[in-house]
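Enquirer: In our numbering, the protein residues as written are 2 to 926.
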């Protein structure tokens, strides 16, 4: 058998993972004649075989992850487990955890998440679920649906992730599982953290197995290591010895430490009085508190834009340098007035879900299903910043400045000033970041998010006469009502008693000293949160930009479907699958505010904000078909066709309008504004998927898949330079603007999201899972899982990362290459597993300095985890297991960069997380 791999742009590159896939493909040919034996398996192999069984028996193209045992998914959250599946990748948070999930190169907003088949809300201001809210110990597994199915409600365009909890009546007896872990975090950083994990699961059956109960609790309580967060301000040029040289414009370095406490609980109650009736109530709850203390320093070096007579700062000059090929490799800048920052930020998240499902076999052929559900989420976030530096004395004075020396390629700095000396460093508005006559020695942001979904569903399934093409007819109706609200409160942190008076300097409390990230500079530190009320008071702000961040979006969805299950033959080829159609009616609206900015140009409101509500209705018809051909001897061919959609992000749908008057360029003397689009329509696509798979019972498989998505529309920001603002400026404001000669009419420039043209996304996926005893008997106990996904897209979007005005960027979330490789050993109670996942560079979504969604380039990464374990197989301690786990074994960094895709020009953020080491025990009885 010959295997050739043609290297193309974005296609399969032969790497260790690719080689593993190729080896398994060849190995499958050698073992295809072997019959899988029916044996009882446990541990790692059980989880793998259960997942293979789900994939093999599904009528769609899916990927699955299954727990090794009760409460024994090996990861902190379900996100890490999902990120190892073919075609699935994760973006890490600032704390190093996997959270946001991308499927097949599309951003998290293109996927939906369900819990036991019910759509879930999110704690962020977009639709993408943050999967670190879901403790892995409380889930029995998850299924990623890659092709549409008419009976799958709330499905996404990229895919649908269904998280699943246990069903107590599926167990033969009472089961209790206890897991406990102690952990050290940030190993390899300057300061390590500690933490613990604990979970308890209880499953039992009563009343002659007509009642089942499953209860679970999981706690994560940890203080992370001291994470270094370093970056620069990009590159620039200056003059040195009469020549133009390349320099770094500035630096920043932070040390951040995060405390996290997550309590999760689940309950499942089953009632099955007879074989025809079954009723289940599912309850899930998660409370996740994250509190981060941060301190650091920022400074402009090549800040030639600063006026020579500024009392805030002085323009920096390069006074001593080593130059190599026109670039400064070591240099000293003078006139540097750095900003020392102490911050407190975090989230308090609560997520809850309840569902009640009843199945009734009304007749031999008719089954009726009713389902009621409610899901809600709440996030209370806070971000407090304080600024300090040398004293500010007002106009006509000269601030104390110093010298900074840097070396290219390093974040380590030398300073002539001691920023840990409280006699020099004062709480003050160092760089004059305030507006409109107020001093700003700090800032406060308090966004809150509320999200809830109520849903009711009724399904019917009727068994058709045997002998036909179709085996069953299913119809259903789902009604859902979703409401998401974001409120934003912001304000200055004023020195207590000053009421924002200009040119104030305050004493920094305490005596704390810390190292500012990788700069090596010592700085004065204190607890900002504790200083609120004693050192600082909040001066509330209400500006057009702030008001524009508050909104409410409502969606009422009516989904009706009909589906025929296929069970027939084409000639001698057995065929199964389904064909169906969904009709989705949407009634969406948003309520927010229209604001006008004062004519003086200050960032203040002209009059009170005006509430504005707008929306639209539309209907989507989504046909789908899934065909599975049984080619014999374990070979399976799958085909999926369908139309898909993903509703726009809630933030893009807001009806907010912030209006001002331009003062420069082509917008001078014209109204300008920005906001959302409440009548925005979904992303829509037509998709085709094919998959060829070879199974060896449930023990092993090899698969090759390809997909093509043709997006007919894609949401992009559009600037309309002939927008009529007549409905968004008050009569008094318009009259005053015309009288003052600011504008002549209501025509101006407005920027908002629109439904733009689409494009295509294409991909190939290789995956394999094989116990190596199938290759050679002496490898009994060893196994390997490998996958590769290559994705390309014709869609090119305007670069909104803030790096390249007028340039283009790839689709957010799209990594052209994603690899996964797991090697494991399990035998006689001993187990070992090394799991790695790799993704190439991508455009990711982060929160910017103003708590708004922002896109940025994120460097590709390779994350490797190790797990060792032993479980006692017999005797009085049977079921007791010991575990040692190391996460982020290779100390992979998180890097955000400026420049173009895969062409970084400077580092915006570089975070070193360090390793996490866990040791623990498991006990099941």
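C-beta: ideal position from N, C-alpha, C; glycine also.
(1) CB residue 827 to CB residue 782, shorter than 7 Å?
(2) Does DSSP put residue 137 in a helix, in a strand, or in coil?
(3) Quick one: give me the first and last residue of the alpha helix (DSSP H) that residue 56 is part of.
(4) Where does residue 94 fall in DSSP's three states?
(5) Please name the residue or residues paired with residue 734 in a DSSP beta bridge.
(6) Hey, how far is the Cα of residue 408 from the Cα of residue 330?
(7) If you drop the 5 nearest sequence neighbours on each side, which residues of the same chain put their C-beta closer than 6 Å to that of residue 513?
(8) Let me make sure I understand the geometry here. Which of 118, 171, 137, 129 has the alpha-carbon closest to that of residue 163?
(9) Considering residue 776, what are the terminal residues of the beta strand (DSSP E) in which it resides?
(10) At which residue ranges does the segment 386-452 contain complete alpha helix (DSSP H) runs of 4 or more residues, listed in the order of the chain?
(11) Per the DSSP calculation, residue 589 is bridged to which residue(s)?
(12) Applying the criterion that 16 or more other CB atoms from any shown protein chain within 10 Å of the CB defines a buried residue, is residue 253 buried or exposed?
(13) List the endpoints of the continuous beta strand (DSSP E) containing residue 202.
(14) Please name the residue in 780, 923, 66, 606 whose C-alpha comes closest to that of residue 47.
(15) By a C-beta neighbour count over all protein chains shown, 10 Å radius and 16 as the cutoff for buried, is residue 79 buried or exposed?
(16) Contact between the segment 690-701 and the segment 635-642: three or more CB pairs below 8 Å?
(17) When you compare only the Cα positions, how much space is there between residue 657 and residue 547?
(18) Around the Cβ of residue 1, are there at least 16 other Cβ atoms within 10 angstroms (buried) or fewer (exposed)?
(19) Any idea if residue 775 is buried or exposed, counting beta-carbon neighbours within 10 angstroms, 16 or more meaning buried?
(20) Keeping to the same chain, check which residues put their C-beta closer than 8 Å to that of residue 668; ignore five residues upstream and five downstream.
(21) Counting only runs that start and end within the segment 642-686, where is the beta strand (DSSP E) found for 3 or more residues in a row?
(22) Just to check, is the beta-carbon of residue 407 closer than 6 Å to a non-hydrogen atom of the ligand NAD?
(23) Among 143, 196, 245, which one has its Cα closest to the Cα of residue 259?
(24) Whose C-alpha, out of 294, 339, 327, 297, is nearest the C-alpha of residue 316?
(25) Shortest alpha-carbon distance to residue 616 belongs to which of 569, 630, 682?
(26) Pull up the CB-CB distance for residue 471 and residue 565, whole angstroms please, since I reckon it's below 8 Å.
(27) For residue 916, which of helix, strand or coil comes out of DSSP?
(28) Could you give the DSSP three-state label for residue 62: helix, strand or coil?
(29) Helix, strand or coil for residue 885 per DSSP?
(30) Give, in chain order, every unbroken run of the alpha helix (DSSP H) that is at least 4 residues long and sits entirely within the segment 316-386.
(31) Considering only residues of the segment 170-196, which uninterrupted beta strand (DSSP E) runs meet the minimum length of 3 residues and lie entirely inside it, listed in chain order?
(32) Start and end of the beta strand (DSSP E) containing residue 223?
(33) Are the CB atoms of residue 559 and residue 154 within a distance shorter than 7 Å?
(34) Enumerate in chain order the residues of its own chain whose CB-to-CB distance from residue 437 is below 7 Å, with the five nearest sequence positions on each side excluded.
(35) Would you mind giving the Cβ-Cβ distance between residue 645 and residue 701, rounded to the nearest angstrom? I have them listed as a contact below 8 Å.
(36) For residue 188, I'd like the list of residues in its chain whose CB is within less than 8 Å of its CB, leaving aside the five on either flank, ordered along the chain.
Expert: Judging by the given coordinates:
(1) yes
(2) helix
(3) 44-58
(4) coil
(5) Note: residue 734 sits in no beta bridge, so no partner.
(6) 6 Å
(7) 526, 527
(8) 118
(9) Counting along the chain, residue 776 falls outside any beta strand (DSSP E), and DSSP gives it neither H nor E.
(10) none
(11) 556, 617
(12) buried
(13) 194-207
(14) 66
(15) buried
(16) yes
(17) 11 Å
(18) The structure shown does not extend to residue 1, since the chain spans only 2 to 926, so no value can be given for it.
(19) buried
(20) 749, 750
(21) 658-662, 672-676
(22) With respect to the ligand NAD, the structure offers nothing, as it holds no ligand at all.
(23) 196
(24) 339
(25) 682
(26) 4 Å
(27) strand
(28) coil
(29) strand
(30) none
(31) 176-188
(32) 212-224
(33) no
(34) 603, 604, 605
(35) Their Cβ separation, rounded to whole angstroms, is 31 Å, which puts residue 645 and residue 701 out of contact at 8 Å.
(36) 226, 915, 916, 917, 918
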